[in-house]
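Peer 1: Before we start, here is the structure in question, set down as structure tokens.
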Amino acid sequence: MAGKRKTNPAGSTNSYRADVLRVLGALKVATADQIQRISAPHLTFRHADKPTPSKRKQARTASHTGALSDMRKHGLSENGGSTDTGDTLRNLTPKGLEAASWELRRPATEMGSTARGAGSSGASHPMAVNETVIAMLRPKPDLAKLAADPPHVQAAAQAAVDGPSGVGTIGSYWTEVPLPATGTWNAPGKGGAQADVVLTAPQDGVGLLFIEVDNCHETAEELAAKLEKYARFFRRRVKDTDGKERPMWCTRWTVPEGRYGEMPHPPVLLVFNHIGERNPNRTMPRLQELTRHLWKGEWMREGYHSYDGKIPIVVVGLRNLRAHGPAGAVFLRFGRDRPQPLLDAIGNPRLEGVLAREAEAARARQAEYQAQLRRAAQEQAAKKAVEAAREAAQREARRPSCTGCGSRFTDERWEAAEETDWGRPVDTHPHLCDDCKAVTVASAAPTPGRQEEHQEPLPEWVRQEFMRFPRRPHCTECKAAFTDERWKAVERTGWGPVPMETRPTLCGDCDLQFESDLDQAWGVSRRQEKHDQDQDQADVPRPKSGGWFSRLRS
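The working numbering runs 2 ahead of the 1-based position in the sequence shown.
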């Protein structure tokens with residue numbers, strides 16, 4: 003603790019010193035009261051119970067006053083005179099500007115001057131600029147830092163939080179920015195202007211805004227001449243890094259490109275602080291006439307004004323700005339008949355309406371187009387389904403049936419039956435299903451133990467040529483399909499030792515019935531007669547083998 007006191011005798015903390023660097027880095031010159039209102043607004047509500055305004059100001063600015071004292075000891079800040087109300091003005095040294103550039107994340111070349119000597123005459127204009135920035139910012143207190151304070155303090159802070167919001171942060175503002183009509187950014191030539199405030203807060207809808215503060219000491223003609231310098235700067239074009247010429251202000255600040263091919267200049271806000279002898283209510287109409295060629299747009303048949311190459315000029319009183327903030331309808335744009343909020347005043351609501359209607363129409367057309375695509379897809383799908391069903395029906399109609407059992411072929415069987423090799427069928431039984439083919443192939447196989455199993459198998463074409471019934475036969479008498487056993491029996495072609503069936507066109511039952519009828523007609527069973535003949539031949543004794551001839555004969 004002793005070491006910290008030795009380094010910072012006033013007992014300031016890093017956060018309060020950073021507040022001072024950020025505020026003075028942006029505003030160049032300010033009082034401790036303005037620094038506190040911008041960076042620590044919660045202190046305004048914490049010390050509201052002090053008996054007099056001076057004591058309240060002293061209590062709420064004590065922390066930042068101590069930070070300024072320690073920074074002056076380190077050579078970062080200095081006192082720059084006093085205001086008309088007796089408040090001490092503070093500004094940064096070159097060393098302090100360098101430290102502020104780190105706090106604001108800005109290049110040191112864009113930090114500007116140290117503003118020494120600004121308080122020699124009371125700094126009425128810098129104070130009006132600072133009040134304009136505070137009115138645009140509308141800093142909100144941090145309620146977490148007031149958690150231990152009385153309820154009435156928290157209620158007052160809550161009311162401030164619930165009020166209209168401001169635009170940007172302290173890092174969104176630049177003051178005393180040169181706008182060179184000739185020369186460079188760092189070495190501007192003659193004929194250029196110097197913006198009191200430049201605001202860039204795209205997160206709040208303000209891409210780029212130039213602010214001029216008038217204490218009502220200048221005439222309408224003087225203000226018009228200043229706006230002419232703005233126009234001259236906006237029209238200046240320089241070669242960018244890609245070799246193309248662009249407006250000079252586009253090389254430092256980035257704003258969205260204009261729609262419909264138009265490129266309006268950045269808006270200029272005139273803030274009138276009525277402390278001089280000029281009446282702003284009389285200055286504004288005269289200034290509007292003098293600058294008509296700078297701001298007047300062209301009416302388009304679509305229902306909006308085109309401001310291509312024009313400067314949107316907006317005016318407001320500092321008193322109304324403090325009371326209502328940027329969200330209040332207190333900003334009057336030249337060429338319009340009523341005040342509007344800041345975003346509407348610097349924008350083009352009619353163009354936005356046209357674009358919104360066109361976007362809605364485009365969305366409707368896109369939705370209708372997508373609906374047409376869906377309907378076409380559904381119709382195509384239905385047509386394909388009908389076509390697929392028709393083709394499936396035609397395919398089923400062409401599907402062959404087994405000549406043996408009458409069942410329909412499966413897809414695999416159909417494909418196998420239709421395969422050919424140089425015009426000849428590959429399948430041996432293309433008219434039979436798998437089951438019937440298996441039965442047919444099994445019946446055609448030689449019986450084990452017989453002589454024909456040692457013979458060479460006949461070629462397929464020969465076998466098919468001598469097959470009596472290549473398909474399952476039906477009885478010519480009763481029309482019944484042959485059983486597997488009967489089919490095997492009638493398929494014998496007579497090539498082997500097994501005799502052929504005498505009635506291959508009859509089924510087993512009809513064959514037995516025919517045999518019975520024949521026996522009744524002859525009086526003797528043909529089967530019995532055949533059996534007796536076979537028995538007689540078996541009873542005849544065979545001669546004994548006596549030599550090689552007898553063995554050869556047998």
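Just so it is clear, CB atoms sit at the ideal spot from N, CA and C, and this is done for glycine as well.
1. What residue range is occupied by the uninterrupted beta strand (DSSP E) comprising Ser79?
2. Is DSSP giving His476 helix, strand or coil here?
3. Give me the Cβ distance between His276 and Gly319, rounded to the nearest whole Å; I'm assuming they're in contact under 8 Å.
4. Let me know if Asn283 comes out buried or exposed under the rule of 16 or more other beta-carbons within 10 Å of its beta-carbon.
5. Is it buried or exposed for Asn93, if we count other Cβ within 10 angstroms and need 16 for buried?
6. Between Ser79, Gly173 and Gly124, which has its C-alpha nearest Pro141's C-alpha?
7. For the alpha helix (DSSP H) containing Ser41, list its first residue and its last residue.
8. Buried or exposed: Arg488, going by 16 or more other Cβ atoms within 10 Å of its Cβ?
9. Taking just the CA atoms, how far does Thr442 sit from His456?
10. If you run the structure through DSSP and keep just helix, strand and coil, what is Ser65?
11. Measure the beta-carbon distance from Val603 to Tyr306 and round it to whole angstroms, keeping in mind my assumption that it falls under 8 Å.
12. Where Thr63 and Arg294 are concerned, what is the direct C-alpha to C-alpha distance, given to the nearest angstrom?
13. Could you pull the start and end residues of the alpha helix (DSSP H) that Gln380 belongs to?
14. Apart from the five residues on each side of it in sequence, which residues of its chain come closer than 8 Å, Cβ to Cβ, to Asn322?
15. Can you list, in chain order, the residues of its chain whose CB lies under 7 Å from that of Phe516, leaving out five sequence neighbours each side?
16. Taking Pro96 and Thr116 to be in contact with their CB atoms under 8 Å, please state how far apart those CB atoms are, rounded to whole angstroms.
17. Taking contact to mean at least 3 C-beta pairs separated by less than 8 Å, is the region 81–90 in contact with the region 9–27?
18. Counting along the chain, where does the beta strand (DSSP E) carrying Cys180 start and finish?
19. Looking only at its own chain, which residues have a Cβ that is under 6 Å from the Cβ of Phe336, when we skip the five neighbours before and after it?
20. In whole angstroms, what is the alpha-carbon distance linking Ala395 and Asp513?
21. Closest to Leu139 by C-alpha separation, out of Lys8, Leu26, Arg39 and Val428, would be which residue?
22. Determine the direct distance from the alpha carbon of Gly83 to that of Trp255, and round the result to whole angstroms.
23. Look up Ile313 in the DSSP assignment and give the residues it is bridged to.
24. Decide if the region 14–24 is in contact with the region 62–81; the criterion is three or more beta carbon pairs, one per stretch, under 8 Å apart.
25. With Thr184 as the anchor, note down where its alpha helix (DSSP H) starts and where it stops.
26. With a cut-off of 8 Å on the beta carbons, I'd call Leu181 and Gln196 a contact; round off their distance for me.
27. In angstroms, rounded to a whole number, what distance separates the CA positions of Pro475 and Thr430?
28. Could you work out which residue in Arg410, Arg415 and Glu493 is closest to Ala446 when comparing CA atoms only?
29. Do you know whose CA, among Ile37, Ala440, Lys312 and Lys8, lies nearest Asp486's CA?
30. Going by the beta-carbon positions, is the gap between Tyr175 and Val199 smaller than 7 Å?
31. Could you give the DSSP three-state label for Pro249: helix, strand or coil?
32. Does the beta-carbon of Trp104 have 16 or more other beta-carbons within 10 angstroms, so that it is buried, or is it exposed?
Peer 2: From the atom records:
1. For Ser79, the uninterrupted beta strand (DSSP E) run begins and ends at Ser79 to Ser84, by DSSP.
2. Shown here, His476 sits in a strand according to DSSP, grouped into three states.
3. 7 Å between Cβ atoms; contact.
4. Asn283 comes out exposed.
5. Looking at its Cβ environment, which holds 16 or more other Cβ atoms inside 10 Å, Asn93 is buried.
6. Answer by Cα proximity: Gly173.
7. Ala34 to Ser41 is the extent of the alpha helix (DSSP H) around Ser41.
8. With a threshold of 16 other beta carbon atoms within 10 Å, Arg488 meets it and is buried.
9. Confidence at His456 is low in this model, with a pLDDT of 44, below 50, so the placement of that residue is unreliable and no value is reported for it.
10. Note: Ser65 maps to helix in three-state DSSP.
11. There is simply no residue 603 to check, as the chain begins at 3 and stops at 556 in what is shown.
12. Taking the straight line from one Cα to the other gives about 46 Å.
13. Run containing Gln380: Pro351 to Arg400, per the alpha helix (DSSP H) assignment.
14. Only Gly330 and Val332 meet the Cβ criterion.
15. Hits under 7 Å: Arg505 and Leu508.
16. The beta-carbon separation of Pro96 and Thr116, rounded to 6 Å, stays under the 8 Å limit for a contact.
17. At 8 Å Cβ cutoff, the stretches do not touch.
18. First, the amino acid is wrong: residue 180 is Pro here, not Cys. In the DSSP annotation of this structure, the continuous segment of the beta strand (DSSP E) that includes Pro180 starts and ends at Tyr175 to Leu181.
19. The residues are Gln290, Trp297 and Ile315.
20. Rounded to the nearest whole angstrom, the C-alpha separation of Ala395 and Asp513 is 43 Å.
21. If we check each option's Cα against that of Leu139, Arg39 comes out closest.
22. Rounded to the nearest whole angstrom, the CA to CA distance from Trp255 to Gly83 is 34 Å.
23. BP columns for Ile313 are empty, so no partner.
24. Three or more beta-carbon pairs separated by less than 8 Å link the region 14–24 to the region 62–81, which places the two stretches in contact.
25. Per DSSP, Thr184 belongs to no alpha helix (DSSP H) and is neither H nor E.
26. About 7 Å separates the beta carbons of Leu181 and Gln196, which is inside the 8 Å limit, making them a contact pair.
27. Their backbone Cα atoms lie some 18 Å apart in a straight line.
28. Residue Glu493 holds the alpha-carbon nearest to the alpha-carbon of Ala446 among Arg410, Arg415 and Glu493.
29. Of the candidates Ile37, Ala440, Lys312 and Lys8, the residue whose Cα lies closest to the Cα of Asp486 is Ala440.
30. The answer is yes: Cβ separation under 7 Å.
31. Note: Pro249 maps to strand in three-state DSSP.
32. Exposed: under 16 other Cβ atoms inside 10 Å.
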